[in-house]
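Read through the structure below, which is laid out as C-alpha cells, and then see the notes.
Residue numbers (the UniProt record's numbering): 1 to 314.
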C-alpha cells in the first residue's frame with residue numbers, strides 16, 4: 001500500500017514520461033517494481049491522451065487559419081508564410097487628406113481646367129486618376145547612377161516617365177530609387193503631380209481643330225535647348241524620337257523642332273522639351289485680351305461642404 005501513492009502520482013504525470021522513459025523519471029523506477037498488470041493502465045491512459053490530442057489538432061489548425069497566422073508552411077492558411085493577415089489583392093479605398101482631394105472625390109470639381117484656372121496645387125496623384133482616366137504612360141529612360149561612399153559605390157536607378165492623354169495634358173516625372181520598379185512607380189506619381197495643360201493653335205487659317213503650337217516657344221535645361229515652331233497641317237512632328245513621343249502624348253500633331261547642346265543626355269532633352277510645351281499658355285495672344293470675370297475659387301464656393309466633411313473626419 002505504501003507504493004500506491006507514488007504510483008498514483010506517476011499516473012497523473014504528462015504522457016511524455018511514459019512515451020520515452022529514462023532512468024531519471026519516476027515512471028521508469030515503478031515500472032520495474034509494480035506488478036505486470038499495472039503498466040497496462042499506463043498504456044490505456046497514454047492512448048486516451050493521444051486520441052484527445054489528435055481530436056483537438058483540426059480545431060487548432062482551423063483557429064490558426066482564422067487568425068491569419070499562416071498555418072504550418074507555404075500557402076497554408078489565409079495569410080501565407082510569415083504574413084499576419086490575409087493578402088490584400090484589392091486596392092484600398094482612397095481617403096483624401098487635402099481639401100482639393102475631398103472636392104474631387106465628392107464630385108464638386110469635375111475637370112482639370114477648374115484646377116488650372118486658380119493654379120491650385122495638386123498634392124495627391126489620385127486626383128489626376130479620377131479627372132483624367134484616359135492617361136497613358138511610357139518609360140522614356142532608365143539609367144544607373146552611382147554615389148561614392150566610404151564603403152564603396154552605391155548604385156541606384158533613375159527613371160524618366162512621361163504621361164499624357166494626347167488631348168492637351170502632359171506630365172514628366174523623374175525618380176531615383178534602389179530598385180527599378182520603385183523608381184518607375186515614383187516617377188509615375190511625380191508625373192501625375194506635375195501634369196500641365198498644353199495649348200494648341202493653328203499655323204494659318206483657323207479651320208478644323210487646333211493641330212500645332214500657337215507660337216514659337218523654347219525651353220532650356222543645362223546645355224540642351226529645344227525650340228518648337230508651328231507647322232502647317234499634315235507636316236507631322238519633325239523631331240528626334242525622345243521629344244517626338246513627348247509631343248505625341250501632349251496631343252500636338254504638326255510641329256517643327258530645333259535643338260542644340262548635348263542632346264545625347266536624354267534626361268535634359270526631355271526636360272527642355274517639357275519646359276517648352278509648358279510655355280504655350282505663357283504667351284498672351286490677342287484672342288485672350290478680352291477681360292472675363294473671375295469666378296470664386298472652389299474653396300470659397302464649396303466652403304460649407306468642406307466644413308461638413310471636415311467635421312466628419314474629426
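For every residue, glycine included, the Cβ atom is placed at its ideal position computed from N, Cα and C. In this text the structure is predicted, and so the values were computed from the model without any measurement.
Cβ neighbours of residue i in the same chain (closer than 7 Å, five flanking residues each side left out)
i           : result
residue 297 : 118
residue 177 : 156, 157, 183, 186
residue 307 : none
residue 96  : 102, 105, 124
residue 233 : 203, 211, 254
residue 139 : 159, 161, 184
residue 244 : 237
Same chain only: Cβ atoms within 6 Å of residue i, ignoring 5 sequence neighbours per side
i           : result
residue 100 : 120
residue 323 : The question about residue 323 has no answer, for the chain in this structure spans 1 to 314.
residue 2   : Residue placement at residue 2 cannot be trusted, given a pLDDT of 47 that sits under 50; what the coordinates show is reported in the next sentence. There are no such residues.
residue 271 : 221
residue 108 : 302
residue 212 : 203, 230, 231, 254, 255
residue 269 : 224, 242, 263
residue 227 : 218, 258
Contacts around residue i, its chain only, beta-carbon distance under 8 Å, and the 5 residues preceding and following it disregarded
i           : result
residue 250 : 164, 166, 168, 169, 170, 198, 277
residue 267 : 141, 143, 158, 160, 174
residue 136 : 163, 164, 165, 166, 249
residue 191 : 137, 161, 162, 163, 171, 172, 173
residue 110 : 131
residue 98  : 123, 124
residue 153 : 146, 147
residue 279 : 217, 218, 219
residue 309 : 102, 106
residue 180 : 142, 157, 159
residue 215 : 201, 230, 280, 283, 285
Which residues DSSP lists as bridging residue i, in chain order
i           : result
residue 227 : 218, 258
residue 160 : 141, 174
residue 147 : 154
residue 237 : 255
DSSP-derived helix/strand/coil call for residue i
i           : result
residue 213 : coil
residue 185 : helix
residue 199 : coil
residue 305 : helix
residue 136 : strand
residue 3   : Model confidence at residue 3 stands at a pLDDT of 47, short of 50, so the residue's coordinates are unreliable and nothing is read from them.
residue 130 : helix
Rounded straight-line distance, which links the Cα of residue j to that of residue i
i           : j           : result
residue 93  : residue 220 : 40 Å
residue 210 : residue 200 : 5 Å
residue 105 : residue 112 : 13 Å
residue 129 : residue 186 : 15 Å
residue 229 : residue 286 : 19 Å
residue 202 : residue 146 : 45 Å
residue 235 : residue 91  : 44 Å
residue 294 : residue 275 : 27 Å
residue 193 : residue 239 : 26 Å
residue 208 : residue 281 : 20 Å
residue 259 : residue 273 : 9 Å
residue 115 : residue 126 : 14 Å
residue 195 : residue 151 : 39 Å
residue 188 : residue 292 : 36 Å
residue 316 : residue 206 : The chain is shown from 1 up to 314; residue 316 falls before or after that span and cannot be answered.
residue 299 : residue 133 : 24 Å
residue 252 : residue 149 : 45 Å
residue 304 : residue 247 : 41 Å
residue 77  : residue 265 : Because residue 77 sits at a pLDDT of 49, beneath the cut-off of 50, its placement in the model cannot be relied upon, and the point is left open.
Below-7 Å beta-carbon distance, residue i vs any chain D residue
i           : result
residue 108 : No chain D appears in the structure shown, which is made up of a single protein chain.
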